[in-house]
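Worksheet: one structure, shown below.
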Amino acid sequence: MTLDNTPPAAPSPARRDFLEASWLALGGLAVLGAGYIGLRFVGSSLTDSAFGGVIIAGRLEEIPPGTVTAFPLGQFFLVRNAEGGLLALYRKCTHLDCVVTWNATRRRFNCPCHGSQFTEAGAVLNLPAPRPLSHFAVIVEEGLVRVDTSQLIERSTVQAEDWAYPPPAEQP
Ligand code: FES
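In my numbering, each residue carries its 1-based index in the sequence shown increased by 1260.
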């Protein structure tokens, strides 16, 4: 038995062209993949700030008790009551969907269309609104307040459980 010690033959020019084209194609795919992942990341960030997704409302210490803050892009008002509870009220009136406004002096929501009024908890003060303002889930984690606008919570009465209270450790 004999061993062949001759070095392998150099690739032909056509084969070298093919190998170079293959490496270029693989590099291109890698760049496209990285770009796609980057776009996905940007896309998820945009979803976080738009109505229909989870919206970061701010840090808990930036939302003092007794305040009502409008989030026009999120289509809600974030109410923080005197006890520190949080409620994200959908801004549309339950009569015919007009957008309500907050009257800070009288501390109530007014509907400009047919005169309905609501308390800061969203309870009906003046008809014709048939039920309280709807709301969204509020999540407080690590000092950050998020509002999940993907699911509207409709209600026939207002209840203490509608308010989200931060864990005691999160209270400023
Ligand atoms: S839409 Fe609000 S009172 Fe009619």
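We put the CB at the ideal spot given by N, CA and C, even for glycine.
This one's a predicted model, so the numbers in the text were calculated from it and none came from an experiment.
- Of the residues assessed, G1375 falls on the exposed side of the cut-off, its CB having fewer than 16 other CB atoms within 10 angstroms.
- In this chain, S1416 is not harboured by any beta strand (DSSP E), its DSSP state being neither H nor E.
- Counting only residues of its own chain and dropping the five nearest sequence neighbours on each side, G1403 has a CB closer than 8 Å to the CB of R1319, L1320, E1321 and E1430.
- The nearest non-hydrogen atom of the ligand FES is 7 Å or more from the C-beta of A1383.
- By the rule of a C-beta closer than 5 Å to any heavy atom of the ligand FES, the residues picked out are C1353, H1355, L1356, C1358, C1371, C1373, H1374 and S1376.
- P1426 sits close to G1344, with the two beta carbons spaced by under 8 Å.
- Taking 4 residues as the minimum length, the region 1351-1399 contains no alpha helix (DSSP H) run wholly inside it.
- Using a Cβ distance threshold of 8 Å, V1398 and L1346 count as a contacting pair.
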